[in-house]
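In what follows, a structure is listed as structure tokens, so that the remarks can point back to it.
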Amino acid sequence: MPTSKTPIFTKGRILKIEMLEQMRDYPLDALDILTQSFSDGIITGLHISISESVLTVHKGIIKYNGTAYLIPSPTEITYGSSEEDTILKIIIHPPNITADYTETQFEFQLTSNFELETHEMELARFKLKPGAYLRDDYQDLADFVTVYNTVNVVHCAYAGLGGEASISPDVTAYFARELMVNETENLHDIAICYSLLNETRAIRREVLERYITTRLGRPYAKLSNTEIHQSLVSIITKVKQERRTGAASFTGSRRLIVD
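Here it is as structure tokens:
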């Protein structure tokens, strides 16, 4: 039958190979179990901090080719102004196997080549004007895809449930907060807001697609990250219009009283 073992290290006990193997395998097995339902992509972390000339990619976890990898430390990348669209990507190099380790190296690269190889993942994109500063203090949801001087994470592939990568949780959490600020009364909106704000990882892609198509009165369809973002912006616009006109639908908050 399945058994869970935890090594006990006490004075006078002999250190056994099996105990060391248990210490070696436990964290790897735990990580594999926790991420087995996710697609390839960014699982958590790898957030980007911006200074005047340096991007810092923080530690995180990615899943590539069915295996979860820990990025254990931050990495700094120097950047500058350019009139070219630039992508920041992580490159997963083939493992180097020695007698003691299986070592996988990760390289962060800024490039104007937007064609990703199968062993590469996008972390962000931007287009920086000379003399301008890069920013991520978005003014609204639409601002995530502002062309110049803005860190755009809409196109990043985050590990998602159901075998499909999803959109950045930064995008969906921002959407949920903006929706709540605009005091939506739509029950679909309220339900999705609570789900999005309760998640620290990317939400299942199908959930977003079904919410969007229902909310906008469209037949169900698969959507790209760009289409998801555009649709969420359209919903924000729709909520603002409904708020001005008092025409919110599916609220369940209005009653007809007949004497």
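For the sequence shown, the working numbering gives the first residue as 1464, with consecutive numbering after it.
In this text, a Cβ means the ideal position worked out from N, Cα and C, and glycines have one as well.
Shown here, residue 1522 sits in coil according to DSSP, grouped into three states, outside any helix or strand.
Within a 10 Å sphere around the beta-carbon of residue 1490 sit fewer than 16 other beta-carbons, which makes this residue exposed. DSSP places residue 1595 in the coil class of the three-state scheme, outside both helix and strand.
Within the same chain, Cβ atoms closer than 6 Å to the Cβ of residue 1665 are found at 1621, 1623, 1629, 1632, the five residues on either side in sequence being excluded. Judged by DSSP secondary structure, residue 1638 falls within the alpha helix (DSSP H) whose first and last residues are 1632–1644. In the same chain as residue 1611, and ignoring 5 residues on each side of it, the C-beta atoms closer than 6 Å to its own belong to 1590, 1592, in chain order. Here residue 1614 carries a coil assignment [DSSP, helix/strand/coil]. Taking the Cα positions, residue 1594 is about 29 Å away from residue 1579. Exclusion of the five residues before and after residue 1605 leaves 1696 as the residues of its chain whose Cβ lies within less than 6 Å of its Cβ.
By the neighbour-count definition (other C-beta atoms within 10 Å, threshold 16), residue 1597 is a buried residue.
Between the alpha carbons of residue 1648 and residue 1617 lies a gap of roughly 27 Å. Around the beta-carbon of residue 1576, fewer than 16 other beta-carbon atoms lie within 10 Å, marking it exposed. By the C-beta criterion, the segment 1648–1659 is judged not to be in contact with the segment 1524–1534, since fewer than 3 inter-stretch pairs fall below 8 Å.
Collapsing the DSSP output to three states places residue 1699 in a helix.
Excluding the 5 residues flanking it on each side, residue 1688 has same chain C-beta neighbours closer than 6 Å at 1617, 1618, 1630, in chain order. The three-state reading of DSSP puts residue 1693 in helix, counting H, G and I together. Under DSSP, residue 1571 takes part in a beta bridge, and its partners are 1553. DSSP places residue 1663 outside both helix and strand once states are collapsed to three, so it counts as coil.
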